[in-house]
Amino acid sequence: SEGEFLITSYGLSGIAAMELGGTVARSQAALADSKNPAGRVSLDFLPEYREDQLVSLLELSGGRDWRTALAGLLPDKIGRVILNKLEKEGRGDRAMPQALASLVKGLDLDVLGTRGFPFAYVASGGAKTRDFDPAKLMSRLRPGLFACGEVLDLDGETGGFNLYWAFASGCLAGRSAAAWLEADPS
(Lines of atoms letter the chains of each structure in order from A and count residues from 1; the text may use other names and numbers.)
(Lines give C-alpha, C1' and ligand atoms only; values in the text may rest on other atoms or scores of the structure.)
Protein backbone atom coordinates (compact mmCIF):
# COMPACT_ATOMS: atom_id res chain seq x y z
CA SER A 1 0.00 0.00 0.00
CA GLU A 2 1.19 3.48 -0.67
CA GLY A 3 0.04 6.60 1.11
CA GLU A 4 0.24 8.52 4.31
CA PHE A 5 0.66 6.86 7.68
CA LEU A 6 0.06 8.39 11.08
CA ILE A 7 2.47 7.26 13.76
CA THR A 8 0.57 6.98 17.04
CA SER A 9 1.18 5.72 20.56
CA TYR A 10 -0.37 2.36 19.60
CA GLY A 11 1.24 1.94 16.17
CA LEU A 12 0.48 2.99 12.62
CA SER A 13 -2.83 4.49 11.54
CA GLY A 14 -4.16 6.41 8.55
CA ILE A 15 -5.49 5.47 5.13
CA ALA A 16 -2.46 3.37 4.12
CA ALA A 17 -2.67 1.41 7.38
CA MET A 18 -6.40 0.85 6.90
CA GLU A 19 -5.75 -0.43 3.38
CA LEU A 20 -3.40 -3.03 4.84
CA GLY A 21 -5.76 -3.92 7.70
CA GLY A 22 -7.62 -6.75 5.97
CA THR A 23 -4.41 -8.43 4.85
CA VAL A 24 -2.93 -8.07 8.34
CA ALA A 25 -6.09 -9.42 10.01
CA ARG A 26 -6.13 -12.51 7.75
CA SER A 27 -2.41 -13.09 8.36
CA GLN A 28 -2.92 -12.60 12.10
CA ALA A 29 -5.74 -15.17 12.09
CA ALA A 30 -3.58 -17.67 10.18
CA LEU A 31 -0.78 -17.21 12.73
CA ALA A 32 -3.06 -17.22 15.80
CA ASP A 33 -0.96 -19.71 17.76
CA SER A 34 2.37 -18.37 16.54
CA LYS A 35 4.64 -15.77 18.09
CA ASN A 36 5.64 -14.59 14.61
CA PRO A 37 4.63 -11.12 13.42
CA ALA A 38 1.67 -10.85 11.04
CA GLY A 39 3.98 -9.25 8.48
CA ARG A 40 6.43 -6.44 7.84
CA VAL A 41 5.99 -2.93 6.59
CA SER A 42 8.70 -0.71 5.13
CA LEU A 43 8.24 3.03 5.63
CA ASP A 44 9.74 5.57 3.24
CA PHE A 45 9.69 8.86 5.13
CA LEU A 46 10.84 10.95 2.17
CA PRO A 47 9.44 9.38 -1.02
CA GLU A 48 10.17 12.56 -2.98
CA TYR A 49 13.94 11.96 -2.63
CA ARG A 50 16.09 9.17 -4.02
CA GLU A 51 18.46 7.53 -1.56
CA ASP A 52 21.57 8.98 -3.28
CA GLN A 53 20.07 12.49 -3.00
CA LEU A 54 19.60 12.00 0.74
CA VAL A 55 23.18 10.78 1.11
CA SER A 56 24.38 13.97 -0.60
CA LEU A 57 22.22 16.18 1.64
CA LEU A 58 23.48 14.44 4.76
CA GLU A 59 27.11 14.63 3.62
CA LEU A 60 26.67 18.41 3.27
CA SER A 61 26.03 18.55 7.00
CA GLY A 62 29.75 17.80 7.33
CA GLY A 63 29.46 15.18 10.06
CA ARG A 64 27.93 17.53 12.61
CA ASP A 65 25.31 16.33 15.03
CA TRP A 66 23.24 13.81 13.04
CA ARG A 67 20.10 14.63 15.00
CA THR A 68 20.40 18.24 13.85
CA ALA A 69 21.05 17.10 10.28
CA LEU A 70 17.88 15.00 10.31
CA ALA A 71 15.85 17.76 11.97
CA GLY A 72 15.66 19.66 8.69
CA LEU A 73 14.22 16.62 6.96
CA LEU A 74 12.08 14.73 9.48
CA PRO A 75 10.10 15.26 12.68
CA ASP A 76 12.41 14.99 15.70
CA LYS A 77 10.82 11.81 17.10
CA ILE A 78 11.27 9.93 13.83
CA GLY A 79 14.87 11.11 13.60
CA ARG A 80 15.51 9.83 17.13
CA VAL A 81 14.03 6.41 16.30
CA ILE A 82 16.29 6.13 13.25
CA LEU A 83 19.39 7.23 15.20
CA ASN A 84 18.59 4.82 18.06
CA LYS A 85 18.26 1.95 15.59
CA LEU A 86 21.65 2.77 14.06
CA GLU A 87 23.20 3.07 17.51
CA LYS A 88 21.92 -0.39 18.45
CA GLU A 89 23.35 -1.78 15.22
CA GLY A 90 26.73 -0.19 16.04
CA ARG A 91 27.15 1.66 12.74
CA GLY A 92 30.18 3.95 12.52
CA ASP A 93 30.10 7.68 11.86
CA ARG A 94 31.97 7.43 8.55
CA ALA A 95 29.18 5.38 6.98
CA MET A 96 26.49 7.42 8.72
CA PRO A 97 25.11 9.39 5.73
CA GLN A 98 24.48 6.17 3.78
CA ALA A 99 23.09 4.35 6.83
CA LEU A 100 20.75 7.23 7.69
CA ALA A 101 19.55 7.59 4.10
CA SER A 102 18.94 3.86 3.89
CA LEU A 103 16.71 3.88 6.99
CA VAL A 104 14.90 7.09 6.01
CA LYS A 105 14.04 5.42 2.69
CA GLY A 106 13.13 2.04 4.19
CA LEU A 107 12.54 1.63 7.91
CA ASP A 108 11.30 -1.95 8.30
CA LEU A 109 8.88 -2.65 11.13
CA ASP A 110 7.23 -5.88 12.27
CA VAL A 111 3.45 -5.79 12.06
CA LEU A 112 2.09 -7.38 15.22
CA GLY A 113 -1.58 -7.20 14.29
CA THR A 114 -4.61 -4.94 14.29
CA ARG A 115 -6.33 -3.17 17.17
CA GLY A 116 -9.23 -5.59 16.88
CA PHE A 117 -12.92 -5.37 16.13
CA PRO A 118 -13.77 -2.44 18.47
CA PHE A 119 -11.54 -0.15 16.38
CA ALA A 120 -12.20 -1.67 12.94
CA TYR A 121 -13.53 0.36 10.03
CA VAL A 122 -14.28 -2.85 8.13
CA ALA A 123 -14.79 -6.42 9.33
CA SER A 124 -13.05 -9.22 7.49
CA GLY A 125 -14.21 -12.83 7.52
CA GLY A 126 -17.71 -14.24 7.71
CA ALA A 127 -19.77 -16.72 5.73
CA LYS A 128 -18.06 -18.07 2.62
CA THR A 129 -19.36 -16.39 -0.53
CA ARG A 130 -19.25 -19.70 -2.44
CA ASP A 131 -22.05 -20.92 -0.14
CA PHE A 132 -24.42 -18.18 -1.39
CA ASP A 133 -26.18 -17.65 -4.71
CA PRO A 134 -24.72 -14.34 -5.98
CA ALA A 135 -27.96 -13.44 -7.80
CA LYS A 136 -30.07 -13.65 -4.61
CA LEU A 137 -27.58 -13.84 -1.71
CA MET A 138 -29.49 -16.89 -0.45
CA SER A 139 -27.57 -19.69 1.20
CA ARG A 140 -27.00 -22.77 -0.94
CA LEU A 141 -26.76 -24.76 2.31
CA ARG A 142 -29.87 -23.38 4.06
CA PRO A 143 -32.56 -22.20 1.63
CA GLY A 144 -34.39 -19.23 3.10
CA LEU A 145 -31.27 -17.86 4.80
CA PHE A 146 -30.07 -14.62 3.23
CA ALA A 147 -26.92 -12.66 4.04
CA CYS A 148 -25.47 -9.28 3.17
CA GLY A 149 -22.68 -6.84 4.00
CA GLU A 150 -20.00 -7.91 6.45
CA VAL A 151 -21.85 -11.13 7.30
CA LEU A 152 -20.25 -12.45 4.11
CA ASP A 153 -16.49 -12.91 3.75
CA LEU A 154 -16.03 -10.00 1.40
CA ASP A 155 -14.24 -6.71 1.96
CA GLY A 156 -12.53 -4.19 -0.24
CA GLU A 157 -10.20 -1.24 -0.26
CA THR A 158 -11.06 2.06 1.33
CA GLY A 159 -12.92 4.64 -0.69
CA GLY A 160 -16.56 3.62 -0.32
CA PHE A 161 -16.51 0.05 -1.65
CA ASN A 162 -17.47 -1.48 1.70
CA LEU A 163 -20.33 0.95 2.30
CA TYR A 164 -21.58 0.43 -1.24
CA TRP A 165 -21.42 -3.35 -0.76
CA ALA A 166 -23.32 -3.13 2.54
CA PHE A 167 -26.16 -1.08 1.04
CA ALA A 168 -26.37 -2.87 -2.33
CA SER A 169 -26.17 -6.37 -0.86
CA GLY A 170 -28.70 -5.39 1.82
CA CYS A 171 -31.18 -4.31 -0.89
CA LEU A 172 -30.59 -7.50 -2.89
CA ALA A 173 -30.85 -9.83 0.11
CA GLY A 174 -33.97 -8.04 1.38
CA ARG A 175 -35.74 -8.16 -1.99
CA SER A 176 -34.71 -11.77 -2.49
CA ALA A 177 -36.00 -12.74 0.96
CA ALA A 178 -39.33 -11.00 0.27
CA ALA A 179 -39.66 -12.78 -3.09
CA TRP A 180 -38.78 -16.12 -1.49
CA LEU A 181 -41.42 -15.63 1.23
CA GLU A 182 -44.06 -14.66 -1.34
CA ALA A 183 -43.27 -17.77 -3.39
CA ASP A 184 -43.23 -20.13 -0.39
CA PRO A 185 -44.91 -18.53 2.66
CA SER A 186 -44.72 -21.75 4.72
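In terms of this note's numbering, the sequence shown is residues 1 to 186.
Glycine included, C-beta positions come from ideal geometry on N, C-alpha and C.
Remember, it's a predicted structure, so these values are computed and weren't measured experimentally.
Flag this pair as yes or no: are the beta carbons of Phe146 and Arg140 separated by less than 8 Å?
no
Excluding the five sequence neighbours on either side, which residues of its own chain have a C-beta within less than 6 Å of the C-beta of Ala177, listed in chain order?
Within the same chain, Ala177 has close Cβ partners Phe146.
When burial is assigned at 16 or more other CB atoms within 10 Å of the CB, is Asn36 buried or exposed?
exposed
In whole angstroms, what separates the C-alpha of Asn84 from that of Arg67?
10 Å
Bridge partners - Met138, DSSP secondary structure assignment:
Asp133, Phe146
Within 7 Å: the Cβ of Phe117 and any heavy atom of the ligand HEM?
As presented, the structure is devoid of all ligands, the ligand HEM included, so that no description of it is given.
Between which residues of its own chain and Gly14 is the CB-CB distance below 8 Å, once the five residues before and five after are set aside?
Same-chain partners within the cutoff: Gly3, Glu4, Phe5, Leu6.
Helix, strand or coil for Ser13? Go by DSSP, reduced to three states.
strand
Going by other Cβ atoms of all chains shown within 10 Å of its Cβ, with 16 needed for buried, is Ser9 buried or exposed?
By the Cβ neighbour-count rule, Ser9 is exposed, with fewer than 16 other Cβ atoms within 10 Å of its own.
For Val151, which of helix, strand or coil comes out of DSSP?
In the structure shown, Val151 sits in a helix (DSSP, three-state: H, G or I).
Roughly how far, in whole angstroms, is the beta-carbon of Asp187 from the beta-carbon of Gly126, given that I think they are within contact range, below 8 Å?
Missing from the structure shown is residue 187; the chain here goes from 1 to 186 and no further.
Through-space distance from Gln98 to Ser61, alpha-carbon basis:
Going by the C-alpha atoms only, they are around 13 Å apart.
Span separating the alpha-carbon of Ala123 from that of Asp44:
Rounded to whole angstroms, the gap between the alpha carbons of Ala123 and Asp44 is 28 Å.
Rounded to a whole number of angstroms, what is the C-alpha to C-alpha distance between Leu73 and Leu12?
20 Å
Rounded Cβ spacing between Leu58 and Leu46 (contact assumed at less than 8 Å):
The beta-carbon distance between Leu58 and Leu46, rounded to whole angstroms, is 11 Å. This is too long to meet the 8 Å contact definition.
Inter-residue spacing [alpha-carbon to alpha-carbon] between Gly149 and Gly170
7 Å
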